[in-house]
Amino acid sequence: MQAQLQKIEQLANKLKTLSQERITEVEDFIDFLVQRDKNQNITQFAMRASQSSLDAIWDNADDSEYDWL
């Protein structure tokens, strides 16, 4: 936790040296990263939620030959 706080402080010090235009770019990039993480979480949730339904379709004797491909 302490290392993370130190890293945040280092980043804040670097931000202080940037122009307002660059700070806006950094903020946009941070927003992009946050949204990407949210999207990945939603995708993983959807995959887990549908897994049991799909198992019933894919896990059958007729299609077992394809398991080795």
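Here the sequence shown stands for residues -4 to 64, where the numbers follow the working numbering. No residue lacks a Cβ here, since even glycine has one placed at the ideal position from N, Cα and C. These numbers come from a predicted model, not from an experiment.
Whole-angstrom distance between residue j and residue i, CA atom to CA atom
i	j	result
ASN8	GLU16	16 Å
ILE18	GLN(-1)	21 Å
LEU13	MET(-4)	26 Å
PHE27	VAL21	10 Å
TRP53	SER59	9 Å
ASN34	PHE40	10 Å
ARG31	LYS11	26 Å
SER45	VAL29	25 Å
Residue i - containing alpha helix (DSSP H), residue span
i	result
LEU13	It is not in any alpha helix (DSSP H) - LEU13 carries neither H nor E in the DSSP assignment.
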